[in-house]
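Everything below concerns the one structure shown next.
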Amino acid sequence: MRVTQNTTANLVANNLQVIRRRTEELEQQASTGLKVSKPSDDPVTAQQILNLKARIAAGDQYGRNISNGIAWLTMGESAMSEMGNVLTRAKELTLQMVTGTNNPDAVTAGINELTQLKQQFLQMGNTQLNGKFIFGGFKNDTPAFDTTGNFLGTNDAMMVEVDRGAPIQINYSGADLLRGGTPPGSSGTDIVAAFDNLITALGSNDMTTAQNQITELDNGLSQILAFRTDIGARRNRLDAANSVIEDMKFSTTKIMSDKQDIDIMQVISDLSKQETAYQAAIAASAKVSQVSLLDYLT
Amino acid sequence: MSIQSILDIGKSGITAQRLALEVTSENITNVNTPGYSRQTTIFQTSFVTEERGFPLGTGVNVAEIQRAYDDFLQTQLKTEASTTGWSSTVLASMKRAEQLFNEFTADGLGKSMQEFFAAWQDLTANPQGQPERQAVLARAQQVVDQFHRINGYLTDIKREANQSLEGITSDVNESLTRIASLNDQIKLIEIRGARANELRDQRDLLVRQLSEKVGITYLEQTDGTLNVSLSLGPPLVLGNKAAELSLEPDAANNGYYKIFATSPGDNTAVDISSIVGGPNNSQGRMGGTLQVRDSLVNGFLSDLDELASSLATEVNSLHSAGFGLNSSTGLDFFTAPTVTSGYSGIGGIQLAISKTADIAAASVDPVTGGTGNNLNSRAIASVYDKVLATSGGNMTMEAFYNALVGKVGVAVQDAQRSSDLSEGIIKQLDTLRESQSGVSLDEELANLIKYQKAYEGAAKLVNVGTEMLDTILGLIR
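These protein sequences, in sequence, are chains A and B.
Each residue of the first sequence is one higher than the last, beginning at 1 in UniProt numbering.
Each residue of the second sequence is one higher than the last, beginning at 1 in UniProt numbering.
Here it is, written out as structure tokens:
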């Protein structure tokens, strides 16, 4: 094959071009740290990466929902724990009064304390988180109970998603918890009514009725306890969901990194190889392009 | 043999070698001229006479100045130039489109949609919250802006492709006129038996440049002229007459140009839009431009329109069934799409509500059902995970968008591959052409010395003849 000056010149230009282009690609990879930095680099992988990125972002959102749920449940649990304390104290007090001396002053003091305990109990029913009454259902920006103990909220469930298509209820109905259903007492113990009956009975010195209310207070305690157990179960579900999401995020991030990130050692070493190749190509081209018959003609 | 014939032979040598030296110098000076084909002087002995019973030659003749040329290579180069023109045009446009969908370096529509639905999730956790409601509106506006932005840029790509037809058309017209005029000159020269080597080189180069712009075929006639036609028939150059391409705005296609051709020696312009770039407009820059303008970008646009329309339809149907904080109901969240086509652009998708209180997070009127009702916002948040019937099969909006990103990537990759391939082929063909027709300075310099020495020799011959004549003339004295 004939080789002309132009053949050589074109070859030199093409070779340098090829090396420059490859170097630029590697430089781009080294500076971004990404193997795939635009869809055309690898359309299939690019789609997978986008999908993985979306999974991670969704995981973040579910994480936020979970921590929101945990806040609601924690608040609910501390309220119920306090309700338990109030009921225990009310029970103690009642036991003292139905078995102890019938000193009128002591009875008056007892009734006063019971009235306070009832208010405290209702206060717990009006527990707030970020200005929301957590036992009020959907009507949660106004108190769930009035001062006499009427439930003003709704029995609706506040659900949040803790994973795709997996909602979890983060609230409890104040009516179920404090009054045993709607209407009061229909599905459980009406604790507020127990307080009212107790106070009325003690006021009229009706110790038999007062005695009977001890059972009601006991039932109330079990009712609160049952709800607390349920909170525990839900907390477990949230914690489990959270660790699933964390695991998912971890493994997804790892897969994404495999698909998307460069092996920096490899790239740097390739880059230095390219540099050597470039210098060699330039040096060789300079030599080849200089040789001509003209140099030998006088 | 007479002394006279020595002088004649010497003279024939001097003229022939001088002509060869001229051809060599033409080669040397055109070493870098694009399209130039090396020329070789072909010598032959002059006619033979009989001299005292012996056959003797009468010197040297230049039989021909031959042009190193391979017609088959030229055809391949022309075909490949068509492919290069097409793929480089498509590649440039597709690369620009790709930037719009690059979710790797910048947050695009995909991220905006994600954030939009995340805002609805946040609203579910706190349906009364003003900041959450504000966020829903802000994220929605962002989604709308992204749709408008991408739609706008894609439309720009189409518009610019259309605009570039003006330049290409006038280039084509100029090439056609020049080819026709070269045809005329070549015919005039070759009718006298000479070879119009340089003019043919120029014409070959023009044909190559023309085929990069538009798909053509050509056929050389017996009189040396070249007839050029579009890949699918209509003539562009016939002898010394050239066709003229012209552009007319097409009202049925957004006022984009239709391409017309007025054939040589004809007065009526014919619409050649559908055949100008060869089969399916896949040849030359003109074909590539038409493909970008009329099909490739439209494919992306229609996907984008479909996405915008599904988003609005799905969100609207849930939103209008819900209730705002102020008891408002029946409100669309986005403007309702009447037709899908063009919905992603300005004048299409738009926020239909502006008050945060109008956001329907509740499934029943909050005045009676409580402002904490989050059922509707939950339903809307889950639209993102809902599998919808789309033109690409059953998939979520996110998957549909990712598939669109993939499509753009594939389009770029296809164009890139075709462009790399034809670039490689052109390089190889160029090397072949160079090895066949290129000028080698070393070779020419060697020839230069060869012819120079032959010239000197022939001159010496004349000298010897003169001396012999002098000797004879001296006898008479």
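Think of the CB as a built atom: it goes at the ideal place given N, C-alpha and C, for glycine as much as any other residue.
- Query: Do we get a CB-CB distance below 9 Å when we pair B/P337 with the residues of chain A?
  - Reply: Proximity of B/P337 to chain A, defined by a Cβ-Cβ separation below 9 Å, is not satisfied.
- Under 8 Å by beta carbon: chain A residues contacting B/K427: Neighbours of B/K427 on chain A, chain order: N10 and N14.
- Using the DSSP secondary-structure output, state which residues sit across from B/V60 in a beta bridge. Partner(s): B/T45.
- Message: Is it the case that the segment 258–266 of chain B contacts the segment 225–245 of chain B, given that we only count it when at least three CB pairs across the two stretches are under 8 Å?
- Response: They touch, by the three-pair rule.
- Query: If you draw a straight line from the C-alpha of A/I70 to the C-alpha of A/N140, how long is it?
  - Reply: Each residue's Cα considered, the two are about 18 Å apart.
- Query: Cα separation between B/Q283 and B/L311?
  - Reply: C-alpha of B/Q283 to C-alpha of B/L311: approximately 38 Å in a straight line.
- Task: Could you name the residues of the segment 81–110 of chain B whose beta carbon sits closer than 7 Å to any beta carbon of chain A, in the order they occur along the chain?
- Result: Identification of residues in the segment 81–110 of chain B having a C-beta nearer than 7 Å to some C-beta of chain A yields E98, F101, N102, E103, F104, T105 and G110, given in sequence order.
- Residues of chain B with a CB under 7 Å from the CB of A/M256: which are they? Chain-ordered listing is empty here: chain B has no CB closer than 7 Å to the CB of A/M256, the nearest sitting near 11 Å.
- Message: Using C-beta distances below 7 Å, list every residue in its chain close to A/L129, excluding the 5 sequence neighbours before and after it, in chain order.
- Response: Result list for A/L129: A71, W72 and M75, in chain order.
- Message: By alpha-carbon positions, which one of A/V160, A/E161, A/N197 and A/G153 ends up nearest to A/D176?
- Response: Selected option, being the one with the closest Cα: A/G153.
- Query: Under the DSSP definition of a beta bridge, which residues are partnered with A/E160?
  - Reply: The displayed chain sequence assigns Val, not Glu, to residue 160 of chain A. Answer is A/I168.
- Message: Please state whether the Cβ-Cβ distance between A/R62 and A/E161 is less than 9 Å.
- Response: The displayed chain sequence assigns Tyr, not Arg, to residue 62 of chain A. Going by C-beta atoms, A/Y62 is nearer than 9 Å to A/E161.
- Whole-angstrom distance between B/G330 and B/A321, CA atom to CA atom: When rounded, the separation of the alpha-carbon atoms in B/A321 and B/G330 is 6 Å.
- Item | Terminal residues of the alpha helix (DSSP H) in which B/N126 lies | B/N126: not part of any alpha helix (DSSP H); DSSP gives it neither H nor E.
- Query: Residues in its own chain within less than 8 Å of A/D146 by CB, not counting five upstream and five downstream?
  - Reply: The answer, listed in chain order, is L152.
- Rounded C-alpha distance that separates B/N280 from B/S344: Put simply, the backbone Cα of B/N280 is about 28 Å away from that of B/S344.
- Backbone CA spacing between B/V214 and B/R208 [nearest angstrom]: Near 10 Å, if we compare the C-alpha coordinates of B/R208 and B/V214.
- Item | Spatially closest choice to A/R164 from A/G203, A/N197, A/I66 and A/I268, by CA coordinates | For A/R164, the nearest C-alpha among the options comes from A/I66.
- Quick one: residues in its chain with C-beta nearer than 8 Å to the C-beta of A/Q213, no 5 flanking neighbours on either side, listed in chain order? For A/Q213, same chain residues with a beta-carbon under 8 Å away, outside a window of 5 residues either side, are T94, A194, N197, L198 and A201 in chain order.
- Task: For the beta strand (DSSP E) containing B/L226, list its first residue and its last residue.
- Result: Per DSSP, B/L226 belongs to the beta strand (DSSP E) from L226 to L230.
- Item | Presumed contact (8 Å Cβ cut-off) between residue 478 of chain B and B/T45, rounded CB distance | The shown model of chain B, from 1 to 477, leaves out residue 478 of chain B, and the question about it has no answer.
- Below 9 Å between beta carbons is the criterion; list the residues of the segment 372–387 of chain B that meet it against any residue of chain A, in chain order. Of all residues in the segment 372–387 of chain B, those with a C-beta nearer than 9 Å to a C-beta of chain A are G372, N373, N374, L375, R378, A381, S382, Y384 and D385, reading in chain order.
- Could you tell me which residues DSSP puts in a beta bridge with B/I216? Paired residues: B/L230.
- Message: So, under 8 Å CB-CB, A/V267 and A/Q29 are touching, yes? Tell me the CB distance rounded to an integer number of Å.
- Response: Contact annotation, A/V267 with A/Q29: C-beta distance approximately 5 Å; criterion of less than 8 Å satisfied.
- Enumerate in chain order the residues of its own chain whose CB-to-CB distance from B/V387 is below 8 Å, with the five nearest sequence positions on each side excluded. Excluding sequence neighbours, B/V387 sits near N394, M395 and T396.
- Item | chain B contact residues for A/E161, given Cβ-Cβ distances below 8 Å | In chain order: Q121, T124, R378, A381 and S382.
- B/A68, DSSP secondary structure in three states: The three-state reading of DSSP puts B/A68 in coil, since its state is none of H, G, I, E or B.
- Task: Specify the secondary structure class of residue 512 of chain B as computed by DSSP and reduced to three states.
- Result: Absent from the structure is residue 512 of chain B, since the part of chain B shown begins at 1 and ends at 477.
- Message: Three or more C-beta pairs under 8 Å: does that hold for the segment 63–79 of chain B against the segment 180–200 of chain B?
- Response: When C-beta atoms of the segment 63–79 of chain B are compared with those of the segment 180–200 of chain B, three or more pairs fall below 8 Å, so the two segments count as touching.
- Residues near B/S273 in its chain [Cβ-Cβ closer than 6 Å; skip 5 each side]: Closer than 6 Å at Cβ, skipping near neighbours: K258 and I259.
- Given a limit of 9 Å on CB to CB distance, which residues of the segment 20–43 of chain A reach chain B? Answer in chain order: T32, L34, V36, S37, K38, P39, S40, D41, D42 and P43.
- Proximal residues to A/D270 (C-beta, below 8 Å), its chain only, five neighbours per side dropped: Apart from the 5 residues on each side of it in sequence, A/D270 sits with its Cβ closer than 8 Å to the Cβ of L26 in its chain, given in chain order.
- Message: For B/L388, report the span of its beta strand (DSSP E) as first-last.
- Response: Residue range L388 to T390 is occupied by the beta strand (DSSP E) that includes B/L388.
- Query: Taking 9 Å as the CB-CB cut-off, is B/I179 touching chain A?
  - Reply: Contact with chain A is absent for B/I179, since none of that chain's Cβ atoms lies less than 9 Å from the residue's Cβ.
- Given 8 Å, three or more beta-carbon pairs between the segment 120–140 of chain B and the segment 421–440 of chain B: Touching, no.
- Query: At a Cβ threshold of 9 Å, is A/T154 touching chain B?
  - Reply: With 9 Å as the cut-off, A/T154 counts as an interface residue toward chain B.
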